[in-house]
Amino acid sequence: MTRPALVTGATGFVGQALLPALVRSGVDVRATSRRALAAAGPFVEWVRCDVSSRDDLSRALDGVGVAYFLVHGMGGGQADYAAHEAESARVFAEVAAAQGVERIVYLGGVAPAHEPSVHLKSRLTVGEVLRAGRVPTLELRASMIVGAGSASFKLVRDLSFRLPAMVLPKWTRSSTCPVAIDDVVRALVAARDVPLPESAWFDLPGPESLTGAEVLFRLVALQGRAVPAVPVPLLSPSLSSWWLKLVTGADFSLARELVLGFTSDLLPRDDRYWQLIGAPPRLPFDEAARRALTQERTEASVRGVLGETAEFVVRVVGQGLAYRRQRR
Ligand SMILES: NC(=O)c1ccc[n+]([C@@H]2O[C@H](COP(=O)([O-])OP(=O)(O)OC[C@H]3O[C@@H](n4cnc5c(N)ncnc54)[C@H](OP(=O)(O)O)[C@@H]3O)[C@@H](O)[C@H]2O)c1
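Numbering (the numbering used here), first residue to last: 1 to 328.
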């Protein structure tokens with residue numbers, strides 16, 4: 001009998017997309033997170049697990065064949081989250097080896113052209129720590145994943161939807177290869193069977209290299225709108241983060257980490273992984289974004305436009321006041 005696959009981060013954006021795809025591929029799934037899953041569905045067993053607890057990990061990893069590591073704590077408000085993430089990854093690799101896990105699959109972030117931000121460095125360190133363990137580990141590195149519920153996609157979507165003109169700080173000139181969630185899920189499912197003589201990492205690029213500004217204008221065009229560009233090259237990353245928080249309502253630490261992570265190009269080394277798994281052509285950005293927006297519209301119709309608008313106005317006023325207080 002095949003051993004179940006463990007999906008950590010099962011309540012997260014990627015985890016939720018991966019669960020049904022793994023079940024469809026014929027594998028039994030054990031899903032874990034700290035919060036319970038809203039609906040686990042058939043062939044999915046849910047086990048509560050905080051990855052910082054060795055006991056929780058021992059229970060969650062017991063009898064598992066492949067373990068997906070999709071956990072991260074960015075935006076959780078913990079100042080020293082990078083150290084916590086590295087330690088959790090170390091214990092995860094250790095317990096996985098003790099439990100006889102055959103393979104770990106980790107979805108991390110692309111290495112930037114220059115010095116990584118704290119967030120990106122932490123993603124890369126988690127990969128190094130897992131790959132240094134005794135269980136063969138496949139690390140897949142993505143930049144922005146385009147899909148409904150992705151924190152980075154939500155930021156650019158809100159920027160493109162909510163402004164009458166496109167404010168373009170210097171970091172929007174950096175380039176990256178956004179990848180569709182459908183393609184990421186395909187890559188993760190295939191990761192169970194890819195030949196892996198030893199631990200390795202691969203990039204997971206989408207098919208196009210786009211600057212941040214191009215991403216924003218593509219999203220504006222998808223709404224059938226045209227807005228003027230307002231370059232503001234001197235807007236510092238800190239001010240940019242406040243501006244992002246104000247417009248999008250994102251958590252400040254999350255906005256700051258994402259801006260800092262994008263101050264240089266986030267480009268892949270190559271696309272060997274796609275050739276390795278013989279995947280069909282990847283979704284272009286516009287199609288991936290269209291799918292994400294359609295899914296979000298379906299989900300948002302439940303909440304209603306009025307509620308969202310009222311929330312937005314209250315947030316903008318509140319955050320403007322908070323910013324003024326902090327500047328004094
Ligand atoms: N989204 C993107 O654009 C993107 C891009 C590149 C790479 N990635 C990578 O993809 C992976 C998944 O990202 P995501 O976007 O799905 O993140 P997400 O939506 O923020 O989900 C994070 C998950 O981590 C879990 N978690 C956090 N702390 C935990 C802890 N101490 N113990 C157990 N579970 C914990 C959360 O579950 P609970 O809170 O319920 O415990 C949640 O399920 C990450 O490694 C990320 O770096 C994402």
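Idealized CB from N, CA, C, for every residue including glycine.
By alpha-carbon distance to P42, the top candidate from S53, R30 and D50 is R30. DSSP places G12 in the coil class of the three-state scheme, outside both helix and strand. Between the beta-carbon of A180 and that of L266 there is about 16 Å, and that puts the pair past the 8 Å contact cut. Annotation: the continuous alpha helix (DSSP H) that includes R218 extends over G212 to L222. Per DSSP, the beta-bridge partners of P169 are V232.
In the three-state scheme derived from DSSP, where H, G and I count as helix and E and B as strand, T125 is classed as helix. In the DSSP annotation of this structure, the continuous segment of the alpha helix (DSSP H) that includes G261 starts and ends at F252 to G261. Under the DSSP assignment, V47 falls in the beta strand (DSSP E) whose first and last residues are V44 to R48. Within 10 angstroms of the beta-carbon of A226 lie fewer than 16 other beta-carbons, which makes it exposed.
For A191, the three-state secondary structure derived from DSSP is coil. In this structure, the straight-line span from the alpha carbon of L138 to that of L57 is close to 19 Å.
With a beta-carbon spacing of about 15 Å, V95 and R3 fall beyond the 8 Å limit used to define contacts.
Bounds of any beta strand (DSSP E) do not take in D62, whose DSSP letter is neither H nor E. Remark: C-beta atoms of T248 and L216 do not approach each other more closely than 8 Å. Residue side-chain check: F13 places its Cβ nearer than 7 Å to a non-hydrogen atom of ligand 1. Check the Cα spacing between D28 and each of A67, G12, D50 and V51: the tightest is with A67. Rounded to the nearest whole angstrom, the CA to CA distance from P197 to L61 is 22 Å.
Between ligand 1 and the CB of C177, the shortest heavy atom gap is not smaller than 7 Å. Under the three-state reduction of DSSP, D183 is assigned to helix. If you look at S33, you'll find it in the beta strand (DSSP E) that goes V29 to S33. Of A200, T294, L163 and V259, the smallest CA-CA separation from A229 is found for L163. Relative to ligand 1, even the nearest heavy atom lies 7 Å or more away from the CB of H114.
Nearest to S209 by C-alpha distance, out of G261, R192, L234 and P268, is P268.
Annotation for V105: the continuous beta strand (DSSP E) segment containing it runs R103 to G109.
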